[in-house]
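The next block holds one structure in the form of structure tokens; read it before the comments.
There are 2 protein chains.
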Amino acid sequence: MAEMNTKAMYKLSYGLFVCTAVRDGRANGCIINTAIQVASEPNRISVAINKANFTHDMVKETGACNISVISQDATFDLFKHFGFQSGRDVDKFADYPKENYQQADNGIPYIVTGTNAYFSLKVVEAVDLGSHTLFICEPTFMTVLSDVPSVTYEYYQNNIKPKPEAVGTTPKGEIVWRCRICGYEWVGEELPDDFICPICKHPKADFEKVVR
Amino acid sequence: MAEMNTKAMYKLSYGLFVCTAVRDGRANGCIINTAIQVASEPNRISVAINKANFTHDMVKETGACNISVISQDATFDLFKHFGFQSGRDVDKFADYPKENYQQADNGIPYIVTGTNAYFSLKVVEAVDLGSHTLFICEPTFMTVLSDVPSVTYEYYQNNIKPKPEAVGTTPKGEIVWRCRICGYEWVGEELPDDFICPICKHPKADFEKVVR
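Chains as they are written, first to last, in full-length UniProt numbering: chain A, 1 to 212; chain B, 1 to 212.
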């Protein structure tokens, strides 16, 4: 029997999106890669969100979110702002320039800079999948914002994410583990098995040992 | 209130896959665009399949399938063979060249020509979404087959699908409706509201009136 190669997971294609929600008057958003149409009659869009994300609980409790589709004119700052910090620690909309977002009819902001479309979604079913909840949603509104092509996860990796320097070992000769997803680096001999990236919440399997 | 623009649906990004299954010793496969990872602990891959597809019933009844990830070296013939004919009418593996596929340990064929990875999946939950069933699956095996990049749906539209001639009207001056998904053309004044593409099963919303 052939040996399993989990790098196959990287062959699946994804878009990238800002998922926004509002609870008790407080808005928040995170980066997700899982918005797709899963049925046509009726139209259903599925969205999987990691339970560790603050936005997850907001969508679960309110049953509503907006999905802004990230386009190729997005800068790395958009990913840093919504993906590399948590709404538990900072109010992401407090310091976010007002020209970068607008409020949809459902009362939830959507992003207008570095995006080409947005959807207002109403959750019709939530499937508990362990680390994530899969929200099956009805789109209540959608529109096109620009003609710039959508970003795929592959495009983000090749064209938007800054190339990290190959540090390999630190000046003290320690080993560096780098998250393939967001670039977070951890210094130490062996990454613990239950390690979760503090930035993007991905597990040890998504880290690589950096060799100079 | 702004007007809804359903062209936003085309901004969502997808890969393309051959989904294969076996029932009562008979193998079949169809083209799908919906295989993504939806949870990491445990690892879960979701696959949405249109109920009109013969493969849908096979996966539903057997609880197993393989997903072969289509890569940029795939020819249009692969899409025609698995996407533009139904297993109800033809045995897709009867005349399919034997060098193009192999049998996985789960007894189901996977495609080795024009693909870069494959997954063997076991269905753990099936969510009925009307036109489609969303299968939540556990990968029981996966491996990488090549380093050629995966095809996205956008890549298929721009680089693999033959450009149809702009017929606009027929010699008799009739109007032509063309399926944006597979290129199927229908001649007549007005496409019926309940029209379903006989090739790719997409609804009227995915047809465009062709104007010369």
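Every residue gets a Cβ at the ideal spot worked out from N, C-alpha and C, and that includes glycine.
*C-beta atoms of Cys19/A and Thr55/A nearer than 8 Å*: As a first step, residue 19/A is located in the first sequence; it is residue number 19 there, counting from the start. As a first step, residue 55/A is located in the first sequence; it is residue number 55 there, counting from the start. In this structure, Thr55/A lies closer than 8 Å to Cys19/A by Cβ.
_chain A within 8 Å of residue 225/B, Cβ atoms only_ = An answer regarding residue 225/B cannot be provided, because it is not within the stretch 1 to 212 covered by chain B.
*Cβ atoms of Ala35/A and Ile67/A: under 8 Å apart, would you say?*
Residue mapping note: residue 67/A aligns to position 67 of the first sequence, counting from 1. Residue mapping note: residue 35/A aligns to position 35 of the first sequence, counting from 1. In contact: Ile67/A and Ala35/A (Cβ atoms closer than 8 Å).
*Is the Cβ of Leu12/A closer than 8 Å to any Cβ of chain B?*
Within the first sequence, residue 12/A is the residue found at index 12, counting from 1. Interface residue, yes.
*With a cut-off of 8 Å, does the C-beta of Phe141/B fall near any C-beta of chain A?*
On the second sequence, position 141 is the one that residue 141/B refers to. With 8 Å as the cut-off, Phe141/B counts as an interface residue toward chain A.
*asked:* Please state whether the Cβ-Cβ distance between Ile49/A and Phe79/A is less than 8 Å.
replied: Locating residue 49/A in the first sequence gives position 49, where the first residue counts as 1. Locating residue 79/A in the first sequence gives position 79, where the first residue counts as 1. No.
_Residue range of the unbroken alpha helix (DSSP H) whose run includes Phe93/B_ = Here residue 93/B is taken as the residue at index 93 of the second sequence, counted from 1. No alpha helix (DSSP H) contains Phe93/B, which DSSP labels as neither H nor E.
_I'd like to know if Thr113/A contacts chain B, where contact means its C-beta is closer than 8 Å to some C-beta of that chain._
Looking up residue 113/A in the first sequence gives position 113. No, Thr113/A lies away from the interface with chain B (no Cβ there is under 8 Å from its Cβ).
_Gln37/B, DSSP secondary structure in three states_ = Taking the second sequence and counting its residues from 1, the one referred to as residue 37/B is at position 37. In this structure, Gln37/B counts as strand in the three-state DSSP scheme.
*CA-CA distance, Trp186/B and Pro192/A?*
Locating residue 186/B in the second sequence gives position 186, where the first residue counts as 1. Locating residue 192/A in the first sequence gives position 192, where the first residue counts as 1. The alpha-carbon atoms of Trp186/B and Pro192/A are separated by roughly 59 Å.
*Can you name the residues that DSSP bridges to Gln85/A?*
Numbered from 1 along the first sequence, position 85 holds the residue referred to as residue 85/A. Its beta-bridge partners do not exist; DSSP assigns none.
*Mind pulling the chain B residues with CB within less than 8 Å of His56/A?*
Position 56 of the first sequence, counted from the first residue, corresponds to residue 56/A. Those do not exist, as His56/A stays about 12 Å from chain B at its closest Cβ, beyond 8 Å.
*Assuming Asn116/B and Leu145/B make a contact with CB atoms under 8 Å, what is their CB distance in whole Å?*
Walking along the second sequence from the start, residue 116/B turns up at place 116. Walking along the second sequence from the start, residue 145/B turns up at place 145. The Cβ separation is near 5 Å, so the contact holds.
_Rounded separation between Cys200/A and Phe84/A - CA only_ = Residue 200/A sits at position 200 when you count from the first residue of the first sequence. Residue 84/A sits at position 84 when you count from the first residue of the first sequence. Those two C-alpha atoms are separated by around 6 Å.
*May I ask you to report which of helix, strand or coil DSSP gives Leu134/A?*
Here residue 134/A refers to the residue found at position 134 of the first sequence. The answer is strand: DSSP assigns Leu134/A an E or B state.
*Beta-carbon neighbours of Asn116/B, restricted to chain A and to distances below 8 Å*: Taking the second sequence and counting its residues from 1, the one referred to as residue 116/B is at position 116. Under the 8 Å cutoff, chain A gives Lys11.
*Going by CA-CA distance only, name the one from Ile108/B, Arg88/B, His81/B, Gln102/B that's closest to Asp95/B.*
The residue labelled residue 95/B in the question sits at position 95 within the second sequence. Asp95/B has its Cα closest to that of His81/B, out of Ile108/B, Arg88/B, His81/B, Gln102/B.
*Identify each residue in the segment 71-95 of chain B for which the Cβ-Cβ distance to at least one residue of chain A is less than 7 Å, and report them in chain order.*
none
_Cβ-based neighbour list, Phe119/B, same chain, cut-off 6 Å, excluding 5 preceding and 5 following_ = As a working mapping, residue 119/B is identified with position 119 in the second sequence. Within the same chain, Phe119/B has close Cβ partners Ile67, Pro139, Met142.
*Within 8 Å, strictly: CB atoms of Pro203/B and Glu41/A*: Against the second sequence, residue 203/B aligns to sequence position 203. Against the first sequence, residue 41/A aligns to sequence position 41. Against a cut-off of 8 Å, the Cβ pair of Glu41/A and Pro203/B comes out as a contact.
*For Glu190/B, which of helix, strand or coil comes out of DSSP?*
Counting from one through the second sequence, the residue named residue 190/B turns up at place 190. Coil, per DSSP.
*Is Asp77/B helix, strand or coil by DSSP?*
Counting from 1 along the second sequence, the entry for residue 77/B is found at position 77. Helix.
*If you draw a straight line from the alpha carbon of Arg88/A to that of Ile196/A, how long is it in whole angstroms?*
What you label residue 88/A is simply residue 88 of the first sequence in a count that begins at 1. What you label residue 196/A is simply residue 196 of the first sequence in a count that begins at 1. Straight-line Cα distance between these residues: approximately 17 Å.
*asked:* For a contact defined as C-beta to C-beta under 8 Å, what are the partners of Val22/A on chain B?
replied: On the first sequence, residue 22/A is found 22 positions in, with the first residue counted as 1. Within 8 Å Cβ-Cβ: nothing; Val22/A doesn't reach chain B, min ~18 Å.
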